[in-house]
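Asks: Sending over a structure as structure tokens; questions will come in a sec.
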Amino acid sequence: LYPSRSPGTRLMLGTQYVLLRREFLHWRGWQREIPDVARKVLVTMGGGDPENVTLKVIEALEEVQVDGLEVVVVVGAGNPHQPLLQSAIEKTRHSIRLEQNATDMAQLMAKTDVAISAAGSVCWELCFLGVPSLLLMLAENQRPLADGLANAGAMVNLGWHEAAQPSAIAAALQELLPAATKRHRFSERGRQLVVGDGPKSILRHLQSDQLTLRTVQATDCRLIWEWANDPVARRHSFSPETIPWEEHVEWFATRLADPNTRFFLASDADGSPVGYARFQLMEDSEAVISVAVAPAHRGHSYGHQLISLGAEAVCRRAGVKVVHAHIKPDNLASLRVFASAGFAEEGMILMNGSPAYHYMWQGKEEGQCCKSATE
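If you want it as structure tokens, here you go:
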């Protein structure tokens, strides 16, 4: 998804992350009443509505055979069609009020029984307040949302506004107004999709997944050994044999004493170790990375963050400008995570007689390395 995103971008996808305007959050917990026949209708086609779809909807309302309709038509301050809309409203047989640049959309939505809306971000607000809605697509980027909400059983997608004739809009509304059971189902499904906890969900996700780095210490020897001997780690290593404890102790002490080794241990927000990133410094401000995620913490997207934080830390602390990674061709997970962390594929090489992909990361200009890893 989103292949052009910047390295380090974290995707939080789904309706649990929907952000609502502050005015809507005051309505959390409010319960909507579903009348037997809906008579209060809200029309909102966005701030500009250059194609004047609002007028088409007003024309459609004239064909609706339900007495006592109370319609609120919301238009933005930049809508150029207000005189034409007002003229059409004055000729209609229904009670229609034109609201320019409304500042109380939450209250307007709460008071309405049904909405006819453009399929933009306003749909999330309609879902949150459980407004059964008919959607018209005004732009190509509205298609996924309109289709998604219709497939989820939360709203009705009337399709492209050019193709939707006033008679078709009127027929859809005529069917929905007396259908209390259907409107109740739409309302409940919308509120299930958007519960209004988007900011909390985002904050919780960021805080729970945030890693910090520290330099590896002598007391970490056994932990690193256990991670290194995990079957998955051995399978993807260029030396796949099990590492004896005595051999590891000697190697570990050598690494800690080596001035050309930078060895970092990463911990999550609870202080639990989740992996390590080790860098062997080379000439010309370059280094080779070796990284491992603890078996218990795989599948939590820690690899990307561990690699990024480690590369930034060695850039800042040791002046490294280029980091190299060597990855077995069958280690697809590592290939993906290094690419997502900003490493570029440089071709194939041999490592201990085995083919390997060579990936390379270019550090930022001197003095501009990020400071997101802690000492």
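First residue of the sequence shown? That's 138 in the numbering used here, and the numbers climb one at a time after it. Just so it is clear, CB atoms sit at the ideal spot from N, CA and C, and this is done for glycine as well. Just so it is clear, the structure is predicted and the values come from calculations on it, not from any experiment.
(1) For residue 465, list the residues DSSP reports as bridge partners.
(2) Is the separation between the beta-carbon of residue 297 and that of residue 243 shorter than 9 Å?
(3) What do you get for residue 469, buried or exposed, if any count of 16 or more other CB atoms within 10 angstroms of its CB means buried?
(4) Under three-state DSSP, which class holds residue 438?
(5) From this set, 347, 376, 341 and 430, which residue's C-alpha is nearest residue 361's C-alpha?
(6) Under 6 Å Cβ to Cβ from residue 328, same chain only, skipping five residues before and after it: list those, please.
(7) With hydrogens ignored, establish whether the beta-carbon of residue 140 is closer than 8 Å to any heavy atom of the ligand FMN.
(8) Kindly indicate the opening and closing residues of the beta strand (DSSP E) around residue 427.
(9) By the three-class DSSP mapping on this structure, what secondary structure does residue 165 have?
(10) Which residues bound the alpha helix (DSSP H) around residue 491?
(11) Per DSSP, residue 352 is paired with what?
(12) Report the rounded CA-to-CA distance for residue 471 versus residue 337, giving the unit in angstroms.
(13) Are the beta-carbon atoms of residue 259 and residue 235 separated by less than 9 Å?
(14) Closest by CA to residue 312, which one among 264, 265 and 174?
(15) Counting Cβ pairs, one atom from each stretch, are 3 or more of them under 8 Å apart for the region 177–192 and the region 247–254?
(16) Could you name the residues that DSSP lists as bridge partners for residue 207?
(17) Spatial neighbours of residue 376 within its chain, please: CB distance less than 7 Å, with the 5 preceding and 5 following residues excluded, ordered by chain position.
(18) What's the C-alpha gap between residue 349 and residue 166?
(19) Should residue 269 and residue 292 be called a contact, given that it needs their Cβ atoms to be closer than 9 Å?
(20) Look at the alpha carbon of residue 363 and the alpha carbon of residue 340, and state the distance between them as a whole number of angstroms.
(21) Apart from the five residues on each side of it in sequence, which residues of its chain come closer than 8 Å, Cβ to Cβ, to residue 152?
(22) Leaving out the 5 sequence neighbours to the left and right, which residues in its chain are closer than 6 Å to residue 448 when beta-carbon positions are compared?
(23) Report all residues from its chain with a CB closer than 6 Å to the CB of residue 503; omit the five preceding and five following residues, and keep chain order.
(24) Is it right to say residue 141 is buried, meaning 16 or more other beta carbons lie within 10 angstroms of its own, or is it exposed?
(25) So residue 272 packs on residue 283, CB below 8 Å; how close in whole Å?
(26) Give me the residue from 477, 239 and 494 with the minimum Cα distance to residue 148.
(27) For residue 397, which of 373, 411, 423 and 372 has the nearest alpha-carbon?
(28) What are the boundary residues of the beta strand (DSSP E) that residue 375 is part of?
(29) Between which residues of its own chain and residue 427 is the CB-CB distance below 6 Å, once the five residues before and five after are set aside?
(30) Which same chain residues end up closer than 6 Å to residue 335 when comparing Cβ atoms and leaving out the 5 residues on each side of it in sequence?
(31) Assuming contact is defined by CB atoms lying nearer than 9 Å, are residue 310 and residue 188 in contact in what I supplied?
(32) Where does residue 194 land, buried or exposed, given buried means 16+ other C-beta within 10 angstroms?
(33) In three-state terms, what does DSSP make of residue 220?
(34) Considering only the alpha carbon of each residue, which of 322, 307 and 170 lies closest to residue 286?
Replies: In this structure, then:
(1) DSSP lists no partner for residue 465.
(2) no
(3) exposed
(4) coil
(5) 430
(6) 267
(7) This structure does not include the ligand FMN; it has no bound ligands of any sort.
(8) 423–430
(9) coil
(10) No alpha helix (DSSP H) holds residue 491; the beta strand (DSSP E) holding it covers 491–499.
(11) 401
(12) 31 Å
(13) no
(14) 174
(15) yes
(16) 177 and 232
(17) 489
(18) 37 Å
(19) yes
(20) 33 Å
(21) 261, 264, 330 and 331
(22) 460 and 498
(23) Residue placement at residue 503 is poorly supported in this model, since its pLDDT is 47, which falls under 50; the coordinates still yield a value, given next. There are no such residues.
(24) exposed
(25) 5 Å
(26) 477
(27) 423
(28) Taken as a continuous stretch (DSSP letters only), residue 375 belongs to no beta strand (DSSP E), as it is neither H nor E.
(29) 415
(30) 154, 155 and 156
(31) no
(32) buried
(33) helix
(34) 322
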